[in-house]
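Data first, discussion second: the structure below is written as structure tokens.
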Amino acid sequence: MKFDSIIIGGGLSGLVAGISLQSKGRRTLIVSAGQSALHFFSGSFELYNTDKSYQEALKGLDESHPYSKMGIERVLELASGVPAFFSQAGIKLLGSADCNHFRLTPMGVRKPAWLTLDGYVKIPSDGKFPYKNVTIANLEGFLDFHTEFIAAGLAEQGVNARICSVSLPELDYLRTNPTEMRSTNIARAVKGDVLGALAQKLSAAASGTEAILMPAVLGLESPQAAESLKARCDLPVEFVATLPPSVPGIRTQLMLRSYYQKIGGTYMLGDTVEEGLFEDDILKGIRTVNHADTVFEADSFVLASGSFFSRGVMASQEGVYEPIFGLDVDAPSDRGQWYQEKMFEAQPYMKFGVHTDKDFKVSVSGRTIGNVYAAGSVLSGFNAVKEGCGAGVSILTALDVAEKITR
Amino acid sequence: MNKEINTNENNFEQCIKCTICTVYCPVMAVNPDYPGPKQAGPDGERYRLKDPKFFDEALKYCMNCKRCEVACPSNVKIGDIIQKARLDYSSKKPGLREFALANTDLLGTVATTMAPIVNGTLKMGVVKSAMHGIIGVDKHRQFPSYSGQKFTTWFRKNAQSKQEEYSRFVTYFHGCYANYNYPKLAKDFVKIMNALGYGVHLMDKEKCCGVALISNGFKKKAAKQAATNLDCIREAVRRGEPVLGTSSTCAFTIRDEYEHILGMDNSDVRDSVMLATRFIFKLIDAGKAKLVFRDDYRRRIAYHTPCHMEKLGWSIYSTSLMKMIPGVDFVMMDSQCCGIAGTYGFKKENYPYSQKIGEGVFRQISEIQPDIVATDCETCKWQIEMSTGAHVENPITIIADALDVEATIAANK
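Heads up: the protein sequence lines correspond to chains V and A, in order.
Our numbering runs 48 ahead of the 1-based position in the first sequence.
Our numbering runs 12 ahead of the 1-based position in the second sequence.
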């Protein structure tokens, strides 16, 4: 079966690459081995952890960093187009391509953010929380949202928080099995008329404060439920990320995938690429577990298979490796150099990933594969957690690679 | 090189507790009595290995749809773990209802002989109420009609001798549904294969694939039938013939459940067992065959992906073939469970959940307003027809109906 481009990996980076290539007129296929890390989405994309402008902060990066390979001008140029890119799929993101604002974590901590999903608490660049008195409302029985932590975090920012819990009879059946009372099941139950009842209870509980902060548990398929609730409340409603699974993350994944398929892309979920068929340092096609002797051919390939979590990169006693094609990786063979003794220090293994040239082309035994590009967290050279650049690298390298392919 | 990545001998140890499976479990979304795939699967398995008394009978609510496995980023065989636990640890003995639902060959043989009486009787309110009250088959359920003549009887009388006129052959695993309930599907398959220049052989002693036996707790009997089927499949493979099916669940069961659940080695023939649409698509894709369609065929077709088709990953073959029909306005539905899961939705304690699970599929169909819903699974067909009134067909029937037979025969000479 022949495509113009095949993308291995169906998470944030793979979908961005897929949508970008498909909308440039390419016939594409995405192969995804299970669901992606978007299911743990915080509600905000990060570009780089800094209090300076991105322009200034990115200057100091090592040349092996994906942003340095792209060039700062290119990073910022592509970054400015990201909100419009996502809005094609119906996903509204707020933020600027110059500098960070802040998000509120489920632990009540303020962290830098680049783009925040519409509806989430968004603290402006000056760091001033938009309210002085808020109500933090949880849904009775929901264990993945810790109001006390959030209140304590807000207190440090000089914000008073009233904590309350709202019960809905429609959720009683879920409460019979408390460990399985998950965000996604709440999202399935709280819709339609239930939103009216919820709005009434929230408004009553929050009277006298300026805003309602509640867990992001509305709207698995579209942002409509959240909008409808807001329209019915007396006070502004702002969402705070919950512990996983992330309802807005799943919604983002579903909306990106559904848009990708709407513009003609083919998405195969739950399949593992078994091997690549190479000829003269060119990848001709791939074979997968589900399709056995069917070869999926393409002119170009994007490897967006993720990092250790998604098994795009793996580690064993023998070393760090890329399991599909055996690509060259940037990781020392000496295991002693993989870790820092102190857990919370920047861990060297966080930067391990697939070795690429300046165009993000991959290599095997030092020989560049002319038509295979890597994008997203499978790349080496950055620490997504410490640098706060995971989403930025995923989205921007995918856009960059898609442009390189179509150029 | 990169076989499905297993980093542990005990597959369940690969679970990193990420909870993604719980998001995609259709049962958990509607029935809080079900512990969910994470708890029922890898989490519970640790305890069951320590002491079988930790087995929870609520695992019976699992539909074995495998959507948890499709979603899992760590390649944990969650559905397999749950099915095996049910067969190995459940102390509940299957009853009359389970026996009746699971023994499709026995029921089918009796029912086709007396089809008009059986079909009429099963529609009677008093019979439905009796079955509901006495054996626990839900009274809302419509039983599929039985055909007056089995496909195999028709084939032997009308088609078998003609097959030897061909020089290339495939073996057909018709399954229970095409044999007892809807021989048109099997006849459509023969029509297409013959037009493509292939003769059709049947297996000597085809038995039900056993999926209903597995899900109703009859492991030994399932294994016995599997052994018979595997012998026949090996015979076909020795003749150099692929074994083609028209039901996604039969193909999935023979390929995956025989090994994973029944522990039978099918590795020598697994790749030869496949759905007809996959075989036909690959012929066309390789330029070895051509389908020519009528130019007056006009239909709006929506494709529903059965759960086991989702697990096989093969909907691309069925949908690509239907998209080749010039007059087809094709809509791909979001892949969701329709709720029936074979015999699961026939049981009165499951019926309300079954209908609730299917709501997403029913809603999509009412929005799309197709002329035909296409799907590769017979029980999805029953569920969708009963719940939406839509006309549902297997892609093979759609292709056969749209086919210009004479032109296709000429193109493949």
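All C-beta atoms in this analysis are idealised placements derived from N, C-alpha and C, irrespective of residue type, glycine included.
Quiz item: Looking only at its own chain, which residues have a Cβ that is under 6 Å from the Cβ of residue 53 of chain A, when we skip the five neighbours before and after it?
Solution: 90, 93 and 94
Self-check item: Any chain V beta carbon closer than 7 Å to residue 281 of chain A
Solution: no
Exercise. Please decide whether residue 107 of chain A counts as near chain V, where near means a Cβ-Cβ distance under 7 Å.
Key: no
Quiz prompt | Bounding residues of the beta strand (DSSP E) (the contiguous stretch that carries residue 135 of chain A) | solution = Here residue 135 of chain A belongs to no beta strand (DSSP E); instead the alpha helix (DSSP H) covers 127-135.
Practice problem: Run the CB neighbour count on residue 9 of chain V, radius 10 Å, all protein chains shown included, and call it buried at 16 or more, exposed below. | Solution: In this structure chain V extends from 49 to 455, so residue 9 of chain V is not present and cannot be described.
Practice problem: Would you check if there are 3 or more beta carbon pairs closer than 8 Å linking the region 370-388 of chain A to the region 344-360 of chain A? | Solution: yes
Exercise. Could you list the residues in the region 286-301 of chain V with a C-beta less than 8 Å from some C-beta on chain D, going in chain order?
Key: No chain D is part of this structure, whose protein chains are labelled V and A.
Practice problem: Measure the CB-CB distance between residue 401 of chain V and residue 361 of chain V and report whether it falls below 7 Å. | Solution: yes
Practice problem: Go through its chain and collect everything with a Cβ distance to residue 13 of chain V's Cβ below 8 Å, but skip five positions before and after it. | Solution: Given a span of 49 to 455 for chain V in the structure shown, any question on residue 13 of chain V remains unanswerable.
Quiz item: Between the region 378-389 of chain V and the region 315-333 of chain V, do three or more beta carbon pairs fall short of 8 Å?
Solution: no
Exercise. Work out the CA separation of residue 258 of chain A and residue 384 of chain A for me, nearest whole Å.
Key: 17 Å
Quiz item: What runs of the alpha helix (DSSP H), each 4 residues or longer, lie entirely inside the region 246-301 of chain A?
Solution: 260-264 and 288-297
Self-check item: Short-range partners of chain A found in the region 401-412 of chain V, where Cβ spacing is below 9 Å
Solution: none
Quiz item: residue 391 of chain A: which of A:414, A:355 and A:417 sits nearest, CA to CA?
Solution: A:355
Quiz item: Could you give the uninterrupted runs of the beta strand (DSSP E) lying entirely in the region 183-227 of chain V, keeping only those of 3 residues or more?
Solution: 208-214
Quiz item: Under the DSSP definition of a beta bridge, which residues are partnered with residue 3 of chain A?
Solution: The structure shown does not extend to residue 3 of chain A, since chain A is modelled only from 13 to 425, so the question has no answer here.
Quiz item: With residue 142 of chain V and residue 166 of chain V assumed to form a contact (beta carbons below 8 Å), what rounded beta-carbon distance in angstroms separates them?
Solution: 6 Å
Quiz item: Name the chain A residues that come within less than 8 Å of residue 309 of chain V, Cβ to Cβ?
Solution: 344
Quiz item: Are there three or more Cβ pairs, one per stretch, closer than 8 Å when the region 29-39 of chain A is compared with the region 211-221 of chain V?
Solution: no
Quiz item: How is residue 422 of chain V classed by DSSP in three states: helix, strand or coil?
Solution: strand
Quiz item: In terms of residues, what are the limits of the beta strand (DSSP E) holding residue 180 of chain A?
Solution: 180-185
Exercise. Output the distance between the C-alpha atoms of residue 249 of chain A and residue 69 of chain V, rounded to the nearest integer angstrom.
Key: 42 Å
Quiz item: What are the residues that DSSP puts in a beta bridge with residue 349 of chain V?
Solution: V:54 and V:420
Self-check item: residue 75 of chain A in three-state terms, based on DSSP
Solution: coil
Self-check item: Other residues of its chain near residue 261 of chain V: CB distance less than 6 Å, five sequence neighbours each side excluded
Solution: 182, 184, 286 and 288
Quiz prompt | beta strand (DSSP E) runs wholly inside the region 68-109 of chain V, at least 3 long, in chain order | solution = 76-80
Exercise. Indicate whether residue 57 of chain V and residue 353 of chain V have their beta-carbon atoms separated by less than 7 Å.
Key: yes
Exercise. Please check the pair residue 447 of chain V and residue 64 of chain V, which I expect to be a contact at CB under 8 Å, by giving their CB distance rounded to whole angstroms.
Key: 6 Å
Quiz item: Listed in chain order, which residues of the region 285-297 of chain A have Cβ atoms closer than 7 Å to some Cβ of chain V?
Solution: 294 and 297
Quiz item: Taking C-beta to C-beta, are residue 70 of chain A and residue 47 of chain A nearer than 7 Å?
Solution: yes
Quiz item: Ordered along the chain, which non-local residues of its own chain (more than five positions away) have a Cβ less than 7 Å from that of residue 323 of chain A?
Solution: 78, 81, 82 and 264
Practice problem: Step through the CB atoms of chain V and report whether any lies within less than 7 Å of the CB of residue 14 of chain A. | Solution: With a pLDDT of only 49 at residue 14 of chain A, under 50, the local geometry of the prediction cannot be trusted, and the value read off the model is given with reservation. Yes, contact with chain V.
Quiz item: Which of helix, strand or coil does DSSP assign to residue 127 of chain V?
Solution: helix
Self-check item: Span separating the alpha-carbon of residue 416 of chain A from that of residue 300 of chain A
Solution: 18 Å
Self-check item: Coarse secondary structure for residue 384 of chain A, derived from DSSP in three states
Solution: strand
Quiz item: What are the uninterrupted segments assigned as beta strand (DSSP E) that are 3 or more residues long and contained completely in the region 161-243 of chain A, given in chain order?
Solution: 180-185 and 210-214
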